[in-house]
Structure formats: structure tokens, C-alpha cells
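In the working numbering, each residue carries its 1-based index in the sequence shown increased by 363. Glycine residues also receive a C-beta, built at the ideal position from the N, C-alpha and C atoms. See below for the structure under consideration.
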Amino acid sequence: MKKLLLWCLLLSAVGCAIAPSPKLSDKKFIELFSDAMELHRRYVHAPDSLLVERKKLFKRHGVTQGDIEKFLKDRRDHPEKWDALIALIQQRFGENAEREMKGFQKTGKTGER
């Protein structure tokens, strides 16, 4: 019984010591960003459809709104990470996407959307 309690304490201590990895990597965020931009273009005049399709998009990518908020909070807490992300976006989509992402970064910092 003592050994069982000791193992439980040890496992819980190890579990607490290991920081959970973010659910969204930069690459996965870029894929999600790309798909979300396409949805916004497609459903610009149909906000109800956009909400439904966005939920489907999150499910398809295996993320929640909370995961995205955690990702953005991590970027607000560590602004130096934006540089690498913006470079990847520019590499994939070009300068227009970089401008859009910088605009998104600014609104994400103030909490406005």
C-alpha cells in the first residue's frame, strides 16, 4: 500500500513538473489561419453560416476556441515568437498575408476583434 501511494505521489509530481505542450504548433496555426481566411472570404455576407463552418473547421483541426486563445495568449506573453510565425506565414502566403497577420497580432494584443 505504501509503495502504491509513493508511486501516485511520484507520478503526480512528475506530471505537474512537465509543462503541457501547446495543442497548436506554429505550423498547425498557419494551416488553421489559412482555412479560416478562406472561410471568411467565402461567407463574408453570411455570418450565421460562417459560425457553423468555423465550428466544423475547429473540429476538423482538432482544436477549440480555448486552444486558439491559449496560443494567442502565449504569443502575447512571448512576443518574440510572433517573428518566427510571421516569417512562416510570409513564406507560405506572401506579403499580403504578412500584413493581415500583423493586423491580427495588433488586435489580439488589445483583446479587440
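Which whole-angstrom value is the C-beta distance of residue i and residue j, which I expect to be below 8 Å?
{"i": "L395", "j": "V426", "result": "7 Å"}
Consult DSSP for residue i and reduce its assignment to one of helix, strand or coil.
{"i": "S397", "result": "helix"}
{"i": "S479", "result": "The requested residue 479 is not part of the displayed model; the chain covers only 364 to 476."}
{"i": "V415", "result": "helix"}
{"i": "A447", "result": "helix"}
Judging by CA-CA distance, which residue of the options is the nearest neighbour of residue i?
{"i": "R455", "options": "K386, H403 and I393", "result": "I393"}
Do the CB positions of residue i and residue j come within less than 8 Å of each other?
{"i": "F434", "j": "L387", "result": "yes"}
{"i": "H424", "j": "K390", "result": "no"}
Can you tell me the Cα-Cα spacing of residue i and residue j, whole angstroms?
{"i": "P410", "j": "D437", "result": "28 Å"}
{"i": "I431", "j": "L420", "result": "12 Å"}
{"i": "R439", "j": "I452", "result": "18 Å"}
{"i": "S397", "j": "V407", "result": "15 Å"}
{"i": "W338", "j": "G457", "result": "Past the boundaries of the shown model lies residue 338; the chain is included only from 364 to 476, so the question cannot be answered."}
{"i": "R417", "j": "G429", "result": "14 Å"}
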